[in-house]
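Numbering (my numbering), first residue to last: 6 to 106.
Input: a single structure, listed below in structure tokens.
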């Protein structure tokens, strides 16, 4: 019985610390996907578009809100990343197929 016990421990002794630690760990992207949403808002106060740097005022605009990206990274400041798009930029993204809603 001692020999089987010793052989079992020898196989574990040949592994490095990283092999043992990462054996049961999966990347966060295996458990979750990109968490994002589009929000339609009205600009009562002037705002700037993040893409073309145009002013948006007294019209609808769209915000793309990301709470977790594909690599599992979360924002360090605040609870999400926000990108502001004008109506024409949003329609262009929709027509090119970049937005799947």
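Glycine included, each C-beta is placed from N, C-alpha and C at the ideal position.
Since the structure is predicted, the reported quantities are computational estimates derived from the model, not experimental observations.
> Does DSSP put residue 57 in a helix, in a strand, or in coil?
Replying inline: coil
> residue 84: beta carbon under 7 Å from a heavy atom of the ligand HEM?
Replying inline: This structure does not include the ligand HEM; it has no bound ligands of any sort.
> If you drop the 5 nearest sequence neighbours on each side, which residues of the same chain put their C-beta closer than 6 Å to that of residue 40?
Replying inline: 72 and 73
> Nearest-angstrom Cα distance between residue 45 and residue 82?
Replying inline: 23 Å
> Is residue 98 helix, strand or coil when you go by DSSP?
Replying inline: helix
> From which residue to which residue does the beta strand (DSSP E) around residue 87 run?
Replying inline: 86–90
>> Per the DSSP calculation, residue 70 is bridged to which residue(s)?
In response: 42 and 87
>> Whole angstroms are fine: how far does the CA of residue 53 sit from the CA of residue 88?
In response: 10 Å
>> Pop quiz: residue 51 and residue 43 are said to be a contact at Cβ under 8 Å. What is the actual Cβ separation, rounded to whole angstroms?
In response: Going by Cβ atoms, the distance from residue 51 to residue 43 rounds to 21 Å, so no, they are not a contact pair.
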